[in-house]
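Here's the structure we're looking at; comments come further down.
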Amino acid sequence: MALAKLSDLLEDAQKNRYSVGMFVMFNLEMLHGLISAAKETNSPIIIAYGEMAEEQTSIRHFSKTVLSMIEEAKVPIGLHWDHASSLEVAQLAVDSGFTSVMIDASAHPINKNIEITRSVVDLCKPLGITVEGELGCVGQGADYDPDDYHYTNPDEAKFFVEQTQIDALAVAIGNSHGVYPCKPKINFDVLEQIRSNVDVPLVLHGASGIPKEDIKKSIECGITKINIFTDICLEAMERIKKTVQKDKVSLEMIEEDVIQGVKAKTIEKIMLFGSNDRSK
Ligand code: 13P
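With the sequence shown counted from 1, adding 7 to any position gets you this note's numbering.
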């Protein structure tokens, strides 16, 4: 059986000092690309879906296809809901067969963040579903300013993990979602302080566009799950742009660009994160 629990994937990564890639997808072509990459590299991966995709693809239906493809993949794959905004959304993930949920209440003050996150933990833990929470503000790349950035406070991180009983913590250490308007500045001191204060696996969001050396150093400093979305989309888009220049273009050619673009970029990330040949 290929469907894997996030906590099992991250436990092995933490023990053996590598990172598991989490890749966001919202259609069949991206899904094919991700699963082929995992199979070809014999790597565990986490396939993620989020609220923004609900308009394009109703997950109640799509999850059946996703789960059946995961079952046949023969490498361990987690199905993760990324950035759930409420308990109701977390419930949808549970009902749709997800093996983990990220509840993102990081825009709230810490006490409210704890209350919302804890409610999702209370829902998911008895069902064996792994929960990731976030503290600090990762935010969007367009607003990124390394000199005006809301880092995760390492002392609050300890309190947050104790109070919520989450299984994994998403940290704000100079990372941001989407395309960075300038070179990202990762604060490894903050990361090391968080790492020494909490035991749970740490998660790096917004990893597209972070230089390779910084990704490697983040893994050395204790990051065990790395989230990617923008880079796989950009690779697919580059290929589509070339295809549409051709005289004869078909929809199948565009679909193939998405499959192959997502696959190639995912393989590159898997090799960088060191999760290749870790499938058991
Ligand atoms: P990027 O789009 O920057 O790769 O971030 C993905 C992510 O963190 C999803 O949660």
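In this text, a Cβ means the ideal position worked out from N, Cα and C, and glycines have one as well.
None of the values given here were measured: they were computed from a predicted structure.
In terms of CA proximity to residue 61, 34 leads the group 241, 80, 34 and 268.
One thing to note: residue 143 has its Cβ no nearer than 8 angstroms to the Cβ of residue 187. Sequence-distant Cβ neighbours of residue 39 in its own chain, meaning closer than 7 angstroms and more than five residues away, are 266.
Within its own chain, the residues whose Cβ lies closer than 6 angstroms to the Cβ of residue 281, once the five positions on either side in sequence are excluded, are 25, listed in chain order. Secondary structure at residue 254: coil, using DSSP grouped into helix, strand and coil.
Relative to the ligand 13P, the beta carbon of residue 31 is positioned inside 7 angstroms of a heavy atom.
Apart from the 5 residues on each side of it in sequence, residue 41 sits with its Cβ closer than 7 angstroms to the Cβ of 30, 32, 52, 54, 269 and 273 in its chain, given in chain order.
With fewer than 16 other Cβ atoms from the protein chains shown falling within 10 Å of its own Cβ, residue 134 counts as exposed. With contacts defined as CB atoms closer than 8 angstroms, residue 217 and residue 182 qualify as a contacting pair.
The residue among 121, 226 and 201 with its C-alpha nearest the C-alpha of residue 138 is 121. The criterion of a C-beta distance shorter than 8 angstroms is satisfied by residue 86 and residue 74. Taking 8 angstroms as the upper bound for CB-CB distance, residue 279 and residue 229 are not in contact here, some 17 angstroms apart. By a beta-carbon distance limit of 8 angstroms, residue 88 does not contact residue 80. Their separation comes to about 19 angstroms. Burial state of residue 118 is exposed, judged by a 10 Å Cβ sphere holding fewer than 16 other Cβ atoms.
The three-state reading of DSSP puts residue 217 in coil, since its state is none of H, G, I, E or B. Under the three-state reduction of DSSP output, residue 87 falls in the strand class. Counting along the chain, the unbroken alpha helix (DSSP H) around residue 94 starts and ends at 94-102. A residue is called buried once 16 or more other Cβ atoms fall within 10 Å of its Cβ, and residue 242 is buried on that count. One alpha carbon belongs to residue 171, the other to residue 203, and they sit about 18 angstroms apart. Relative to the ligand 13P, the beta carbon of residue 105 is positioned no closer than 7 angstroms to any heavy atom. Relative to the non-hydrogen atoms of the ligand 13P, the Cβ of residue 159 never comes closer than 7 angstroms to any of them. In the three-state DSSP reduction, residue 175 falls in the strand class (E or B). The beta carbons of residue 208 and residue 177 sit about 10 angstroms from each other, so the pair does not count as a contact at 8 angstroms.
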